[in-house]
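All letters in the sequence shown, in the order written, are residues -19 to -1, 1 to 254 by mature numbering (1 follows the signal peptide of the UniProt record, and there is no 0).
A virtual CB, placed ideally from N, CA and C, is assigned to each residue, including glycine.
For clarity, every value in this text was computed on a predicted model and none was experimentally measured.
A quick write-up on the structure given underneath.
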Amino acid sequence: MSRFLATLILLTFYGIGNAQEFEPLELVQKVFKDKKFARKTNRYSTREYKGHPNANDLPTNTKLKFQLLDKSENTAVINITILDTLGKGIDTYAHLEKGKKWKINALRALAMTGFMEQAMLEMEKMTEEQIDTLIQKDDGTFKSKEDFYRKLENIKLTLALDHTIIEHFEKRREKFEELRNELQNTEFNKEEQSYRKINLGDQIKTDYKRLLINSISTSISCENCFEFIIGGMIDNTVGFFYIPNKQDVPKMNPSRIIMIKEIGNGWYLFKTT
């Protein structure tokens, strides 16, 4: 073999090895599905993500689903749905940034869920007699059995997988649209200092809690935009946006809005931390 040919072959292999870059979705899939690749995640991690969890940290028979939620020139967000053999699991969100190549900088999921999970389990175990006793207490937590069971369903929805929450919306889309119309026709102070984040719950007639919504407010994003909070703890919330113009939809980031999914016709599912 001539020296020229040998040099050409070496350069070809060198070029292939160094040209190996991954797009965000492909990178996240390899980190969480390829156990061999996952041993090298330090090459594709930055900031607070130190390479764990990865494929080698997940239980055997874990089922994974991946969805690209957003990609710009320098940032991307990938939804990772992690399921056990019974189909139960959680949605997590990998946030990526691009320097010379794409790297994962943070993993996020709805935080502070332990208290809600414990409350749900305790409520599910209660007998009808225990529920009656709870309602009769003077603290006003629950005014009726309907109120009790609605709260239980609200907690379940808050903890549900994203596709389940979106299904909840789609089955009741007509009611949500009616609620939005009522909000748009509601008169309230639009002075700039008081316009953003006005609590609208007491200003409308619709019983929005039947839709398993805990609170409604104007949005900081834009005029005629609304937030429908399902539930959560402190700043860790799940809910729906109504934002008619797509350019007004806020950007996802690891420190505040960790996930946004478009549902259609101006509606979005979101989570914060």
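Next item on the list: Could you say which of Asn234, Lys124, Glu168 and Ser200 lies nearest to Ile185 if we only look at CA atoms?
Entry: Glu168
Margin query: By DSSP's criteria, Phe209 is part of a beta bridge. Which residues make up the other side?
Written below: Ile197 and Phe221
Check: Between the region 87 to 106 and the region 71 to 79, are three or more C-beta pairs nearer than 8 Å?
Finding: yes
Check: For Ile239, does the three-state DSSP call read helix, strand or coil?
Finding: strand
Item checked: Straight-line gap, Ile59 to Lys137 (C-alpha atoms, nearest Å) -> 24 Å
Margin query: Determine whether the beta carbon atoms of Ala75 and Leu88 lie at a separation below 9 Å.
Written below: yes
Notebook entry, point to check: According to DSSP, which residues form a beta bridge with Tyr74?
Noted result: Asn60 and Arg89
Next item on the list: Tell me where the beta strand (DSSP E) around Gln48 begins and ends.
Entry: Lys44 to Lys52
Item checked: Element boundaries [alpha helix (DSSP H), containing Lys106] -> Gly95 to Lys106
Check: With burial defined as no fewer than 16 other Cβ atoms inside 10 Å of the residue's Cβ, what is the status of Gly(-5): buried or exposed?
Finding: Since pLDDT at Gly(-5) reaches only 41, below the 50 mark, its modelled position is unreliable, and no value is offered.
Notebook entry, point to check: Buried or exposed: Leu250, going by 16 or more other Cβ atoms within 10 Å of its Cβ?
Noted result: buried
Item checked: 9 Å Cβ cutoff met for Ala36 and Phe3 -> no
Next item on the list: Give the range of the beta strand (DSSP E) segment to which Lys252 is assigned.
Entry: Trp248 to Thr253
Margin query: On the criterion of 16 or more Cβ atoms from any shown chain inside 10 Å, does Leu(-12) qualify as buried, or is it exposed?
Written below: The predicted position of Leu(-12) is uncertain, since its pLDDT is 46 and thus under 50; no value can be drawn from it.
Next item on the list: Please classify Ser236: is it buried, with 16 or more other beta-carbons within 10 angstroms of its beta-carbon, or exposed?
Entry: exposed
Note to self: Applying the 10 Å Cβ sphere with the 16-neighbour rule, what's the burial state of Lys84?
What the structure shows: buried
Margin query: Helix, strand or coil for Lys82? Go by DSSP, reduced to three states.
Written below: coil
Next item on the list: Measure the beta-carbon distance from Thr199 to Lys178 and round it to whole angstroms, keeping in mind my assumption that it falls under 8 Å.
Entry: 6 Å
Margin query: Quick check: what's the CA-CA separation for Ile224 versus Ile61?
Written below: 25 Å
Next item on the list: Using alpha carbons as the reference points, say which of Thr187, Phe207, His33 and Phe222 lies closest to Ile147.
Entry: Phe222
Next item on the list: Please name the residue, chosen from Gln117, Gly182, Lys106 and Glu155, that lies closest to Leu133 on a Cα-to-Cα basis.
Entry: Lys106
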